[in-house]
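The block underneath contains the structure these notes are about, expressed in structure tokens.
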Amino acid sequence: MRPSTARYIPSHSPSSLLRANSHSPRPPRPSTPNHRRHVTNTIEPAPAGGHLPSVATSSLLRMTREAALRAPGLRWKDEPDALRDRDHEAGEGTDGARETRKMNVYQAVRDAMGIALLKDDSALVFGEDVAFGGVFRCTMNLAEEFGRDRVFNTPLTEQGIAGFGIGLAAMGHTAIAEIQFSDYIYPAFDQLVSEAAKMRYRTGGQYDAGGLTVRAPCMSVGHGGLYHSQSPEGFFLGAAGIKVVIPRSPLQAKGLLLAAIRDPNPVVFLEPKILYRSAIEQVPTSDYELPLSRAEVLLPGDSLTLLSYGTPLYHCETALSLLRSPPPSLAHLIPASLRSAQVELIDLRTILPWDIHTVIKSVEKTRRLVIVHEAGRSGGVGSEIAAEVQKRCFLRLEAPVKRVTGWDTPVPLVFEKFYIPDAVRILDGVLETLMY
Amino acid sequence: MIDAHSPPRSRRVEDWKKVDNPLLRLGNYLESQGWWSAVEEQALCTQQRKDVMDAFQRAERRKKSQLGEMMKDVWCGETAKQREELRSLLGKYGRA
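From first to last, the protein sequence lines stand for chains E and Z. Numbering-wise (this note's numbering), the first sequence opens with residue 22 and increments by one. Numbering-wise (this note's numbering), the second sequence opens with residue 30 and increments by one.
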């Protein structure tokens, strides 16, 4: 029998490119007893013993049912109208009966799409390889549950996926498209910018692509290289008419995705892929939404505002813990007076249109701003925010707005960790700004 | 960590690979003309596999490049803007 020649042809599939490096095992989570039952916008404090937070043990994640149900801005969407459209307060309404379940980001995303498909008969989910569950399992069993005429594969064409989705949306469907990696969104860029973003404007409101939501995994993953690590959100800043949303955790992902799907504007929903499995928290199982265009203050402070979104938020958290209690190798670089600085950490969440009000309010208080993102420096989100902040807060600022970002190069493969704004680089930016 | 998993191959694809694969069909034709044989095929495969493994091992033994490579070849004739910044950060924090 002739040996198959196919054996010696290298695989070009994403799965071979993303063969997992072993991730360090998750240490047992120290218990953080939560004695507070009143409404609070802050996260539980880190354990007193001190540790270097990584995503698995981050205090930014809501690990208990009570914490999850108290997520600020959470609105239940399965209550009658009267109860529904208020900002959520703990202990009110049907809170006591609400269930939560431990989920990671891909399970939360899947949960959100399941709810959307269930409640909205016109909803469709489509993209490359989504029918079998998706390369990141975000669409697991959706085709089995809702049928192959509602959850289906498209050919290999991002332009086609976006164009098809825009057409569906224009005809009144809820179109939930998936682009397999945000690095591949560029063939769809023309459709999104020229058609989706402009449809409402060019027809004077007679037509729109509001029913379209385009989901894509973004940001670095450790071994993604040039084409599996990108953060293209900056490219969309010029496309007024489109919204761009980036969640940081499972609870955020589900609420923001449901809000994005139901928002009457086309939304590009970028999911940091490294968080798909590594970010785990308690997520309410009911239908709920989180507000778009509202940033969230994660840690209150008054010395400096640290603004970011997606994966770098966890590096920010690490940087702040390094600032508070530096290891011996860094201690000489951090003056003791700065170690008690209270830095206000903000998650931007919606990149376009971004929450100017929350950011300005914070910078007016702290007078210093550091913006962190993985995307390259030039023309990134940081440049837009810095320009707006310096215009509105010029006389209040005590230091130039600092941007800690990826370099102006493609995302390297072997040297990825020198490209990403990691905890040390963020700490350096914070120190430079505090000491200006 | 990330577990990008790929779709299962369908029966249709498997059957096509066995019967209609143009590589196999060309191979059969060459054999039928006496220009190629299963023995030669086997020898070639073995040799090529060895060549690949040797190249692989040679590559693995090579040292990592200098960090400066990260900022080369972005443009032709222009340098990436942030070399100095990276250099000063490394000097300050001394990471390997």
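Built from N, CA and C at the ideal position, the CB exists for glycine as well.
Classification of residue i by the beta-carbon crowding that lies within 10 angstroms, buried from 16 upward
i                : result
VAL422 (chain E) : buried
ALA357 (chain E) : exposed
LYS294 (chain E) : buried
LYS264 (chain E) : buried
PHE415 (chain E) : exposed
TYR457 (chain E) : exposed
LYS275 (chain E) : buried
GLU179 (chain E) : buried
TRP428 (chain E) : buried
ASP170 (chain E) : exposed
GLN128 (chain E) : buried
SER66 (chain Z)  : exposed
GLN251 (chain E) : buried
GLU395 (chain E) : buried
ALA164 (chain E) : buried
Short CB-CB distance (under 8 Å) between residue i and chain E
i                : result
LYS79 (chain Z)  : no
LYS93 (chain Z)  : yes
GLU86 (chain Z)  : Reading the sequence as shown, one finds Gln at residue 86 (chain Z) and not Glu. No, because no Cβ of chain E sits closer than 8 Å to the Cβ of GLN86 (chain Z).
TYR58 (chain Z)  : no
GLN76 (chain Z)  : no
TRP51 (chain Z)  : In the sequence under discussion, the amino acid at residue 51 (chain Z) is Pro, which differs from the Trp named in the question. Chain E, which has no Cβ nearer than 8 Å to the Cβ of PRO51 (chain Z), makes this no.
GLN62 (chain Z)  : no
LEU73 (chain Z)  : no
MET99 (chain Z)  : yes
VAL42 (chain Z)  : no
GLU103 (chain Z) : In the sequence as displayed, the identity of residue 103 (chain Z) is Val instead of Glu. It does: the Cβ of VAL103 (chain Z) has a partner Cβ on chain E nearer than 8 Å.
ARG38 (chain Z)  : no
Straight-line Cα distance separating residue j from residue i
i                : j                : result
THR387 (chain E) : LEU247 (chain E) : 37 Å
SER94 (chain Z)  : PHE436 (chain E) : 9 Å
ARG38 (chain Z)  : GLU149 (chain E) : 15 Å
ARG54 (chain Z)  : PRO238 (chain E) : 40 Å
ARG78 (chain Z)  : PRO51 (chain Z)  : 22 Å
MET100 (chain Z) : ARG112 (chain Z) : 7 Å
ASP49 (chain Z)  : LEU118 (chain Z) : 58 Å
GLY193 (chain E) : LEU233 (chain E) : 10 Å
TRP45 (chain Z)  : SER61 (chain Z)  : 21 Å
ALA133 (chain E) : ASP141 (chain E) : 12 Å
ARG86 (chain E)  : ARG119 (chain E) : 9 Å
HIS353 (chain E) : GLU338 (chain E) : 21 Å
VAL410 (chain E) : ILE381 (chain E) : 7 Å
MET161 (chain E) : ALA72 (chain Z)  : 44 Å
VAL318 (chain E) : VAL156 (chain E) : 32 Å
SER399 (chain E) : PRO431 (chain E) : 12 Å
GLN212 (chain E) : PHE153 (chain E) : 26 Å
LEU296 (chain E) : TRP104 (chain Z) : 32 Å
THR175 (chain E) : ILE182 (chain E) : 7 Å
SER299 (chain E) : SER75 (chain E)  : 9 Å
SER350 (chain E) : TYR440 (chain E) : 22 Å
ARG417 (chain E) : VAL402 (chain E) : 22 Å
ILE282 (chain E) : GLY231 (chain E) : 9 Å
PRO285 (chain E) : ILE447 (chain E) : 36 Å
GLU107 (chain Z) : GLY322 (chain E) : 42 Å
Own chain partners of residue i with C-beta closer than 6 Å, once the 5 adjacent residues on each side are dropped
i                : result
ALA144 (chain E) : ALA137, LEU138, THR195
GLU199 (chain E) : GLY148, VAL151, ARG236
LEU320 (chain E) : LEU366
ASP443 (chain E) : HIS336
GLU310 (chain E) : ARG96, LYS98, GLY276, LEU279, ALA280
ILE406 (chain E) : ILE392
VAL242 (chain E) : LYS294, ILE295
Residue-level contact to chain Z via CB, residue i, 8 Å cutoff
i                : result
ARG446 (chain E) : yes
ASP142 (chain E) : no
TYR457 (chain E) : no
TYR228 (chain E) : no
TYR440 (chain E) : yes
ASP449 (chain E) : yes
ASN55 (chain E)  : With a pLDDT of only 39 at ASN55 (chain E), under the threshold of 50, the placement of this residue in the model should not be trusted, and no figure is reported.
Other residues of its chain near residue i: CB distance less than 8 Å, five sequence neighbours each side excluded
i                : result
GLU70 (chain Z)  : GLY56
ASP376 (chain E) : SER314, ARG315, ALA316, LEU369, ARG370
THR121 (chain E) : ARG86, ALA89, LEU90, GLN303, VAL304, PRO305, THR306
VAL214 (chain E) : PHE257, GLY259, ALA260, ILE263
Same chain, Cβ closer than 7 Å to residue i, neighbours up to 5 away in sequence not counted
i                : result
TYR222 (chain E) : GLY262
ILE206 (chain E) : GLU179, ILE200, ALA237, PRO253
VAL451 (chain E) : LEU325, LEU327, ALA340, LEU344, VAL364, VAL391
Positions along the stretch 413 to 438 of chain E whose CB lies within less than 7 Å of some CB in chain Z:
The residues in question are TRP428, ASP429, THR430, PRO433, VAL435, PHE436.
Check distances from the C-beta atoms of the stretch 144 to 165 of chain E to those of chain Z and list, in chain order, the residues that come in under 9 Å.
Listed by position, the residues of the stretch 144 to 165 of chain E near chain Z (Cβ gap below 9 Å) are ASP150, ALA152, PHE153, GLY154, GLY155, VAL156, PHE157, ARG158.
When you check each C-beta in the stretch 191 to 223 of chain E against every C-beta of chain Z, which residues fall closer than 8 Å?
Those residues of the stretch 191 to 223 of chain E that come within reach of chain Z (Cβ to Cβ, closer than 8 Å) do not exist; the list is empty.
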